[in-house]
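Colleague: Protein sequence lines correspond, in order, to chains A and B. So the first sequence is numbered by my numbering: it starts at 1 and just counts up by one. So the second sequence is numbered by my numbering: it starts at 1 and just counts up by one. Quick reminder that beta carbons are idealized off the backbone N, C-alpha and C, glycines included. On a predicted model such as this, the values are computed, not experimentally measured, just so you know. Structure incoming, see below.
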Amino acid sequence: MKSYATNACLGEWFKKGSLCLLALIISFFMLIPGTARAQQFEVTGKALTADTNTPLTGVNVIEVGTQNGTSTDVNGNFTLTVSSPDASLRFTYIGFEPQTAVLNGQNKLTIYMNEAVGELSEMVVTALGLERQQKSIGYAIDEVKTEQLIKATETNMANLLQGQVAGVNINAASGGPGSSSRVTIRGASSLAGNNQPLYVVDGIPIDNTNIGSAGEWGGFDGGDGLSNINSDDIESISVLKGAAAASLYGTRARDGVILITTKTGRGDQLDVRFNTTTTIDNALIDFTDYQNTYGQGTRGLKPQTVEEALQTGLSSWGAKLDGSQVIQFDRVTRRYSNVGNRLDEFYRSAVSTRNAISISGGQQNASYYFSTTYLGSESVVPNSSWKNLSMTLRGTTTIGKLTADVKANYINELANNRSWISDSPGNANYTITQLPPNVSARTLRDNYETEEGTEFLPTDGVFVDNPYWITNKFNTDDTKDRIIGLVKLDYNILDWLTLTGRTGLDWYSLRRTNLVPWGTAWRSGGQLTENQWRVMENNTDLILNASHTLTSDITLSGTIGGNRRYNKSEEVGNSGTEFKIPGLETISNLKNISPIYSFTEKQVNSIYGSFEFNYQDYLFLNATGRNDWSSTLPEGDNSFFYPSVSASFVFSEALSSNMPSELSFGKIRASWAEVGSDTDPYMLNLTYNIFDVSHQGQPLGAIAQSSVPLADLKPTSTKEVELGTDIRFFDDRIGFDFTWYNRNTTDQILSTTISQTSGFTSRVINAGELKNHGIELRLNTVPISKPSLIWRSSLNFARNWSKVESLAGDQQVLQLGPSRTFTAWITAEVGQEYGTIWGYKYLRDNQGNIVFENGLPVQDPERAILGKGTPDWNAGWTNTMNYKNFQLTFLIDAKWGGQVFSATNANAYANGLHKNTLEGRATCDENSAGGGYPTTGCFVADGVIVTERDPDTGEILSTRPNDVPVLPQTYYSTIAGQIAEEFIYDANFIKMRQIGLSYQLPERVIQKLPLSSAIVSIVGRNLFYIYNSVPNIDPESAINRGNAQGLELAGVPNSRSIGLSIDLRF
Amino acid sequence: MKRLNIFSNMKYLVATLLFAGLLTQCKDINDFGNMNQDPTQANNIDPGMEFTTVELGAAGSRFEMWRANLIYASAITQQLAQTWWAGNFYTKNEEWVTAFWNVAYAGNGITWLAQIKNVQDLINNLQSNLDNDPSLVNKLAVARIMRVFIYHRVTDLYGDAPYFNGGMGYIAQDYAPKYDKQSDIYTDMFKELDEAVNQLDPNQPTYGSADLIYNGDIDQWKRFANSLRLRLALRLVKIELQTAQQQAEAAIDPANGGVMNSNDDMAIVPHQDGPSTGPAGINTNANSEVFAVDRPYLSQTLVNWMNDFGDPRLEIYGEVNDPNNPVGLPNGYDASTIQNHSSWSGSFDTYIQLNTMLMDLDDPMIFQTYAEVEFMLAEAAVRWPGSNFGDAEEHYNNGVRAAMTYLTLYDATGAVIPNGQINTYLINNPFNNGGTDADKLEQINNQYWAAVFLNGIEAWANWRRSGFPVLEPSPVDDPNPWPGNQSNGEIPRRLLYPEVEGLLNQQNYDEAITNQGPNNFTTRVWWDAP
């Protein structure tokens, strides 16, 4: 009932909040000193592209020296009243070179706009969706243009940004198509928060929740909201990196904002476009660093019986592969020799297809845009796929002073068999990557089901599944129906004053089935969960925009607005175990059923303002402020305010007479900002959980929290300073953009561990401080610019340093997540970088020798920092070359300085599959004489035995070399189970991220066809590693998109994608 | 322009008026009603509902019963044996030794299992409402008795422990409570039981059917409180004999309602098969959840003792293959060293495994039996002949009889020992009237040990305070202690505090160590004087 009531409140908001807000805004503006404007001369004109004479919609037309301006309509026409017949007009448009025209008394103008040669466009989309001149902005903002987004079949739009923007770090969860992606901008700002940027589509924030993720005990990645965004609809992407850029979007923008602007109809001509792209994906890992000398078995022996074959199912501690006949788990005797790459047998070549059609057009004062895109993406894991259908309808119209923009986007997503990753149960990847060299995946494929219909296990352990049982019998399916809608009304109250009302809705329903079938070894009765989420975010804004010329040199402009954000999430479902009748996979056929229900809602009301001061178009000052009232904070103390100031000084214009002629543009910028953040709902009070089961007919209930709530929770504060410069030479042929930032987050809302004798395991506190500082560089060049050949190149680089200044009270280490091996954890430790890998090392003496006991290395009881899960720096190099009708683009990106803890390699040690486990076996073979290795051991590893310790301090005083022989498998299993240090790898790589080669059909061919243009492209993504420092696994492999980055275990391998794309325009 | 000028002149007035009007309107911007209250959770709870959960929580979950009750306590007291249980070898596993502690206080993260947190919350709520609503008095009294029951196991297992401020992280914002001395805890537990019994009022309502143990029967609650008081009294015989006697006398005082007088008075929590099954299923018996995946063997010590006396319970406790030569698994052997023991026949099949009759998910969890009470009375009669404890032999016979008959609670048809067999047993093994007091105490407490089968926690506490049964340290039949044992080969005398307490509650933890001794297996709790 609550949800209904809150929906009804939408209307009430306008009664309460908006009226109040509107009045506030208007009354505020009345206080701005007004001067009469002298407007005398009306100009009309038209803006066309220089090459094709196509009308351009939305070109900004500004009277130079003022903020008086307008933009062109759908036919490229504009009308503007200027102050004098001698005024100058400046025309700017994204992707085109700006132009200035002096009227000289003319009242009609036709402007031909040239496409920009340099990478940097003059106009950028900034907060609230406002297009602003880039030179006026006092903070770093990066623009990604549509043509940089290759026509590919990438299922998560975030992945397309990989390597494109300095300071943006992207990690995709290893769950195959439709998985979530972790995007962090300038590092993580909070110790335990979400740390992901806010995504804003056409001014409306969208939900990017990741529902379902894998952890140390396995699971699957349920995807996120961004995978629904159709890259074909995108006009441009702006990345607002810092707090200053973001403060107008509120608390969530603390971690940056990714602004996505989608296409609208343009011009008065019907424009029909069709794109089809098909790619073939192949797994991008191999067994290079695995051994293929020894086969299945134990102690140097081959299995003699089927029982032994089962016991050593994943154990490659057998004899040397000799081609003899040896029994396997399925009672069949096969040659004891290397079967080759078991990965290729299992992972398939997956086909993905994207088909997109868009129709746009318009008439006077109105335009429309319609698109529909279907993306079907197969996973390299058999029987697993992901499909997304997106339909968008958008219309704009202008009636007098009123402009309306209405958009509706419907998305249907269908995930079929999301892959389980990380721990072994339900994880096909786990088994397949640990198969002994003489066991073929085909034998598992042919034997995954017993005659009784239960799982045919390749081992005697129930928790290691037959991968084909999983791919054929499991169901981890979901379908999402999503509607993203927008209604925006602009009313030009006065020439210099516009009122905008905007409401946006992001609503989806996610329906998931998670079936572990009857007969699965580790859950023999089966298990089924059926649940459904309904998630919505609604944002309503009322914005008043004004710009006012004080004198011919000074322009003041400002924006003031109010926002109401409402989020709601509801989950309903049933879950249970043990099917009564095998094969009937429905809830009512379960013996034990529990209902699932959860509900959260949250509202934030805000008032914000932004004021700009422009002096002679070369000095720009900007100040913003925002006050939020959040429902998640204590009643009566739920308000918080945060300001920002920024400045931009275009010295190349201000001091133009003193500047060398080579300098075409130069500016410096500076900003300071603060962002406050609230928290999740229901954090303040102690409540009781009423159980879904009763006992002896009696209802049950108990305190719900295991964390002591904090009744007087305060908002978190992030403060950021940023300095930057943008310098270009030789008519923008070379451009250089540099940013330095320093960000500090305090009063974090953390859960800290407390003594369990308090009755609770943790408590919520306001404490902790996390600092980040770093640099971002971008070098834009146009190495070649000839009519027939243009080569644009852009190199970006970002380095972030983080430091955990403090945690709660005396706390030194905050655990963010463990590895399945429980030898390594991702942590935040005071004085260290955020996200360090912390775990067990070898115990060493003062000389650095590894200490042994009983022939085995000893674990140092003190855990230490072994690395960190995020890179020191990342870089990307984007290139576009146009030669006649050909265009070649390529992107190389790199990450450097981070580490990964690889549990896959630890398992390969324990199982004797890793190449390193060959050491010691040769000696054992000599001692074996065909009867297996002696139980007393045969391998003496390098190390020392302690002979004397200081009785008081325990310090090692003297040692002798280790002389105790052990079995190699005992030695390597001990390392796998106890020592994390051995499996920390530098996760450095340089990757050929994408290549695209396209050919535009020449005009003479097109004329014979019913087409206006046709482009054929060959596209490739994730092609190969130019350099990779991690053995056996993908350096980008990640269990989930959470804060515990740097852990890896048995994910779906990343895939190389190669395909063909055809673009037709009618 | 003129229009603008007029506008300009008017603006201050209009703005002022608007702002004034807004002061009333804008208050709504910070008012979210009850939006921040989770609609799926309750702000208040019915005391009965919370009490049921506390009783069920005290009956335990697979997690801590496996570790504390079975892996350690029942192996240490040589009731059960299993080749990998740490209690067989006196080795330490941090998670296992701390499981009971963490669950009792905080549920180890599973909130409903946090008996101390929830019973403290219940008592706090009842106490603060009692002035306005005197009808809550019985609910409060019964909750106080449950609190004593919960805490006595914690302090008996670990020694000094947060008691007065334990579980008060929310109520008192005490995130690192003081460790109270066990002597102070015992003093207060006696006081609590005394006050609670006197608080019980037959004219006021009870929890009724929400009370899983006694269905709201006030007289039975009095008898349980007094029986528990008797248990606590006898714990002190090594340290404060006089207090022990005083408290034991108070416990049996008819004016206080007396102690249990039949199997019907036993304190048990009934279980059922589902719907919430293991692991850590809400409805099912925690020990049985363990047995479903880890079926232990009867200890050689117990099997031999029972066999020597012709005990009819042997075939109910264990699945006896060969009644002529019943073989228990000796404590202190793993799957490989057992092959060197004289009992090894080449396979584990020879050893008696726990009887399936005692492994049902719906078997009751027993907190205290009437049999124990009779054995305690027998001991009191031996120790304090001048008091009103009655005749030791009579109590002994009642105890044996009760211990053999209560087994029908596990299986009403299979676990029946006919009266004739009990009589025969008592004739063959009569109370040792002619023996010394020490002989009598040994005989009584050996019976006590056999009667609390599957309640290793109680068996261990009673062994420590009475010294019976006389146990040979593990590995039995082998003079060499287990390599890697952490008690110098001695039988452990307590479980261990979580190491992390030394970080999270450092000062109080250090004080407890100073008071009690190092945090190891051989440090004795206060009442366990050498």
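#1: List the residues of chain B that A:V82 touches, going by C-beta distances under 7 Å, in chain order.
#2: Between which two residues does the beta strand (DSSP E) containing A:Q1020 stretch?
#3: For A:R763 and chain B, any beta-carbon pair shorter than 9 Å?
#4: Compute the distance between the beta-carbons of A:S751 and A:S762, then report whether it is under 9 Å.
#5: Let me see if you follow: with CB-CB separation under 9 Å, is A:K895 close to chain D or not?
#6: Using only the alpha-carbon positions, how far apart do A:Q106 and A:P85 sit?
#7: Output, in chain order, the set of chain A residues within a Cβ distance shorter than 8 Å of B:A106.
#8: Use the C-beta contact count for B:G346: other C-beta atoms within 10 angstroms, 16 or more gives buried, fewer gives exposed.
#9: With the cut-off set at 9 Å, would you say A:Q375 and A:S360 are in Cβ contact?
#10: How long is the line joining the alpha carbons of A:T44 and A:V124, rounded to whole angstroms?
#11: For A:T100, I'd like the list of residues in its chain whose CB is within less than 6 Å of its CB, leaving aside the five on either flank, ordered along the chain.
#12: Using DSSP with H/G/I as helix, E/B as strand and the rest coil, what is B:V448?
#13: Within a Cβ cutoff of 7 Å, which residues of the same chain sit near A:F28, ignoring the five residues on either side of it in sequence?
#14: At the level of alpha carbons, what is the spacing between B:G169 and B:K238?
#15: Please state the DSSP three-state secondary structure of B:W526.
#16: Between A:L633 and A:K714, what straight-line distance do the alpha-carbon atoms span, to the nearest angstrom?
#17: Starting from the beta carbon of B:L531, find every residue of chain A whose beta carbon is closer than 8 Å, and list them in chain order.
#18: Strictly under 9 Å for the Cβ-Cβ distance: is B:G109 near chain A by that measure?
#19: Is the distance from the Cβ of A:P205 to the Cβ of A:S352 below 9 Å?
#20: Is the CB of A:Q978 under 9 Å away from at least one CB in chain B?
#21: For a quick check, are the C-beta atoms of A:P961 and A:I945 less than 9 Å apart?
#22: Per the contact definition of three or more C-beta pairs closer than 8 Å, is the region 407–415 of chain A in contact with the region 219–235 of chain A?
#23: In terms of residues, what are the limits of the alpha helix (DSSP H) holding A:H695?
#24: Three or more beta-carbon pairs under 8 Å between the region 765–773 of chain A and the region 798–812 of chain A, yes or no?
#25: Would you call A:D224 buried or exposed, if buried means 16 or more other Cβ atoms sit within 10 Å of its Cβ?
#26: In chain B, which residues lie less than 8 Å from A:I593 when you measure between Cβ atoms?
#27: Do you know whose CA, among A:D731, A:G1046, A:Q696, A:I1058, lies nearest B:I213's CA?
#28: In terms of alpha-carbon separation, which member of B:M260, B:S288, B:P479, B:V382 lies closest to B:H271?
#29: In chain B, what lies closer than 9 Å to A:A702 by C-beta?
#30: For A:G138, tell me which candidate among A:Y347, A:S671, A:L997 has the shortest Cα-Cα distance.
#31: For B:Q353, write down the residues that DSSP places opposite it in a beta bridge.
#32: In terms of residues, what are the limits of the beta strand (DSSP E) holding A:F78?
#33: Return no unless some Cβ of chain B is closer than 9 Å to the Cβ of A:L684.
#34: Which residues of the region 504–517 of chain B have a Cβ closer than 7 Å to any Cβ of chain A? Give them in chain order.
#35: Whose C-beta lies closer than 6 Å to the C-beta of A:I734 among residues of the same chain, with five residues either side of it excluded?
#36: Taking B:I282 as the query, report the chain A residues whose CB atoms sit under 8 Å from its CB, ordered along the chain.
Modeller: Based on what the coordinates show:
#1: Taking the first sequence and counting its residues from 1, one reaches residue 82 of chain A at position 82. Residues of chain B passing the Cβ test: none, with the nearest at roughly 17 Å.
#2: As a first step, residue 1020 of chain A is located in the first sequence; it is residue number 1020 there, counting from the start. Residue 1020 of chain A is actually Gly in this sequence, not Gln. Start and end: 1013–1028.
#3: What you label residue 763 of chain A is simply residue 763 of the first sequence in a count that begins at 1. A:R763 belongs to the set of residues whose beta carbon lies under 9 Å from a beta carbon in chain B.
#4: Here residue 751 of chain A refers to the residue found at position 751 when the first sequence is read from its first residue. Here residue 762 of chain A refers to the residue found at position 762 when the first sequence is read from its first residue. Cβ distance < 9 Å, so A:S751 and A:S762 count as in contact.
#5: Here chain D cannot be found, since the structure's protein chains are A and B.
#6: As a first step, residue 106 of chain A is located in the first sequence; it is residue number 106 there, counting from the start. As a first step, residue 85 of chain A is located in the first sequence; it is residue number 85 there, counting from the start. About 7 Å.
#7: On the second sequence, residue 106 of chain B is found 106 positions in, with the first residue counted as 1. In chain order: S706, Q756, T757, S758, G759, F760, T761.
#8: Mapped onto the second sequence, residue 346 of chain B falls at position 346. That one is exposed.
#9: Locating residue 375 of chain A in the first sequence gives position 375, where the first residue counts as 1. Locating residue 360 of chain A in the first sequence gives position 360, where the first residue counts as 1. In the sequence as displayed, the identity of residue 375 of chain A is Leu instead of Gln. The answer is no: Cβ separation not under 9 Å.
#10: Reading the first sequence from its first residue, position 44 is the one you call residue 44 of chain A. Reading the first sequence from its first residue, position 124 is the one you call residue 124 of chain A. Taking the straight line joining both Cα atoms gives about 25 Å.
#11: Stepping through the first sequence from its first residue, residue 100 of chain A is reached at position 100. Counting only Cβ-Cβ distances below 6 Å, and skipping sequence neighbours, we find S88, R90.
#12: In the second sequence, the residue the question calls residue 448 of chain B occupies position 448. With the sequence shown as reference, residue 448 of chain B is identified as Tyr, and Val is not the correct amino acid for it. For B:Y448, the secondary structure class from DSSP, reduced to helix, strand or coil, is helix.
#13: Along the first sequence, one-based indexing puts residue 28 of chain A at 28. Its pLDDT being 48, under 50, A:F28 is placed unreliably by the model, and the measurement read from it follows with that caveat. Cβ within range, chain order: I560.
#14: Here the question's residue 169 of chain B lines up with position 169 in the second sequence. Here the question's residue 238 of chain B lines up with position 238 in the second sequence. Computed Cα separation, rounded: 35 Å.
#15: Against the second sequence, residue 526 of chain B aligns to sequence position 526. Of the three classes helix, strand and coil, the one that applies to B:W526 here is coil, per DSSP.
#16: On the first sequence, residue 633 of chain A is found 633 positions in, with the first residue counted as 1. On the first sequence, residue 714 of chain A is found 714 positions in, with the first residue counted as 1. If you take the alpha carbons of A:L633 and A:K714, they lie about 7 Å apart.
#17: Absent from the structure is residue 531 of chain B, since the part of chain B shown begins at 1 and ends at 530.
#18: Locating residue 109 of chain B in the second sequence gives position 109, where the first residue counts as 1. By this cut-off, B:G109 is an interface position.
#19: Position 205 of the first sequence, counted from the first residue, corresponds to residue 205 of chain A. Position 352 of the first sequence, counted from the first residue, corresponds to residue 352 of chain A. No, Cβ-Cβ distance for A:P205 and A:S352 is not below 9 Å.
#20: In the first sequence, counting from the first residue as 1, residue 978 of chain A sits at position 978. Not closer than 9 Å to any Cβ of chain B, the Cβ of A:Q978 fails to qualify, so no.
#21: Here residue 961 of chain A refers to the residue found at position 961 of the first sequence. Here residue 945 of chain A refers to the residue found at position 945 of the first sequence. Yes, these two residues count as a Cβ contact at 9 Å.
#22: yes
#23: The residue you call residue 695 of chain A lines up with position 695 of the first sequence. A:H695 -> no alpha helix (DSSP H), and no H or E assigned at all.
#24: Verdict: yes, contact present.
#25: For the purposes of this step, residue 224 of chain A is taken as residue 224 along the first sequence, with counting starting at 1. With 16 or more other Cβ atoms within 10 Å, it is buried.
#26: In the first sequence, residue 593 of chain A corresponds to position 593, counting from 1. Chain B residues near A:I593: P275.
#27: For the purposes of this step, residue 213 of chain B is taken as the residue at position 213 of the second sequence. If we check each option's Cα against that of B:I213, A:Q696 comes out closest.
#28: Taking the second sequence and counting its residues from 1, one reaches residue 271 of chain B at position 271. When only C-alpha atoms are compared, the closest one is B:S288.
#29: Walking along the first sequence from the start, residue 702 of chain A turns up at place 702. In chain order: I45, M49, E50, T53, V54, G57, G107, T111, W112, L113, A114, K117, N118, D121.
#30: Counted from its first residue, the first sequence places residue 138 of chain A at position 138. Cα-wise, what sits closest to A:G138 is A:S671.
#31: The sequence position of residue 353 of chain B within the second sequence is 353, counting from 1. Bridge partners of B:Q353: B:Y297, B:E319.
#32: Along the first sequence, one-based indexing puts residue 78 of chain A at 78. Here the beta strand (DSSP E) through A:F78 covers 77–82.
#33: On the first sequence, residue 684 of chain A is found 684 positions in, with the first residue counted as 1. Interface residue, yes.
#34: L504, N505
#35: Locating residue 734 of chain A in the first sequence gives position 734, where the first residue counts as 1. So the list reads T781, once near-sequence residues are dropped.
#36: Counted from its first residue, the second sequence places residue 282 of chain B at position 282. Here the neighbours are F691, V693, H695, L700.
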